[in-house]
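Working notes, structure below.
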Amino acid sequence: MSTFSTQRSSWLCLPTWPVQNAVMVEGERSGTEPRSFLTCVREVARLLGVGDIATEPKDLHARRLALAVRKPLLERARLPEEWFDPLMAAAVYDPDPSLCRWFVEPAVYAFGRRRVMAALVDYLRCGTDAERAGAVRAWYCAHAPLRADRSPAYGSNGIRNPALDESQDIEAAWLEASMQVFAEATDLQMSYRVLLNLPTSRAAYPPPLHQLLASTLASARAHPDPHIRRWAAAADHEGA
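Residue numbers (the working numbering): 4 to 243.
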């Protein structure tokens, strides 16, 4: 059984905005070693059959192993279903906001942008603060444009099922989850992280979220942090 098992969301994490095919991922802690970027990358490497013989310090070891799996992941025409959760875990636990694309991108090609984004919404809703921060980093990478010549998993003859990448309702779910996390966060870094990744234009929010947006703006205007107040001022300027 994989280190990272798929479990259904508990009632505490049920979506309030409709998200189809969303899967909540909870990692099983492996023995005495807590989940980390290195343990996540090791699981991906194991699935790929990539040997792990590095002896560098932990951070360098993880990055070197991530580099070793990057090319083989993109070269595969398909990825087994059981690889999805480990890929998403590696993406979320990768501390680099640019290099986490090494795991997000092959997952998007193989499983679809919709499913990847839905998994990130679940991490944002129900994850630890570290997982939420990782979901925010990976969310940006999940929007990378797809090219038929980039991966054989794109689709045969350059044709791709558009349903794989339909994500309008998932985008709305992300906006809702981000505002809810902001409302509940007790950590300034978490408040800052989720809010400053939100659009400042009211037009970016579907009508069902306008009341939550108004509440978010009111809190941001009165927030002690100047960066958060600046976001609110920008939103006010754009008529949010």
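Where a beta carbon is used, it is the ideal one built from N, C-alpha and C, also for glycine.
Quantities reported herein were computed from a predicted structural model and do not represent experimental measurements.
Annotation for residue 205: no alpha helix (DSSP H) segment contains it, and DSSP assigns it neither H nor E. Nearest to residue 178 by C-alpha distance, out of 39, 199 and 40, is 199.
Nearest to residue 109 by C-alpha distance, out of 161, 197, 80 and 121, is 80. Leaving aside the five residues that flank residue 157 on each side, the residues in its chain whose CB is nearer than 8 angstroms to its CB run, in chain order, 112, 149, 150, 151 and 163.
Per DSSP, the unbroken alpha helix (DSSP H) holding residue 111 starts and ends at 104-114.
Rounded to whole angstroms, the Cβ separation of residue 232 and residue 223 is 7 angstroms, and the two are in contact under 8 angstroms. In the structure shown, residue 173 falls within a helical segment according to DSSP collapsed to helix, strand and coil. Taking the Cβ atoms as the reference, residue 69 lies roughly 6 angstroms from residue 105, within the contact range of under 8 angstroms.
When C-beta atoms of the segment 130-145 are compared with those of the segment 92-104, three or more pairs fall below 8 angstroms, so the two segments count as touching.
Residue 192 holds the alpha-carbon nearest to the alpha-carbon of residue 227 among 208, 212 and 192.
According to the DSSP assignment, residue 42 belongs to the alpha helix (DSSP H) that extends over 40-51. Rounded to the nearest whole angstrom, the C-alpha separation of residue 174 and residue 123 is 11 angstroms.
The continuous alpha helix (DSSP H) containing residue 135 extends over residues 132-144. Here residue 63 is exposed: its Cβ has fewer than 16 other Cβ atoms, across all protein chains shown, within 10 Å.
The criterion of a C-beta distance shorter than 8 angstroms is not satisfied by residue 235 and residue 216. A residue is called buried once 16 or more other Cβ atoms fall within 10 Å of its Cβ, and residue 54, having fewer, is exposed. Closest in C-alpha terms to residue 77, from the list 65, 67 and 90, comes 90. Measuring C-alpha to C-alpha distances from residue 132 to each of 46, 197, 44 and 49 identifies 197 as the nearest. Rounded to whole angstroms, the separation of the alpha carbons of residue 218 and residue 107 is 32 angstroms. As the crow flies, the alpha-carbon of residue 46 is around 14 angstroms from that of residue 84. Inclusion of residue 86 and residue 50 in the CB contact set at 8 angstroms is warranted, their separation being smaller than that value.
Per DSSP, reduced to three states, the secondary structure at residue 88 is helical. Looking at the backbone, the Cα of residue 75 and that of residue 119 are separated by about 19 angstroms. Nearest in C-alpha terms to residue 225, of all of 186, 212, 142 and 116, is 186. Per DSSP, residue 237 is one residue of the alpha helix (DSSP H) stretching across 229-240.
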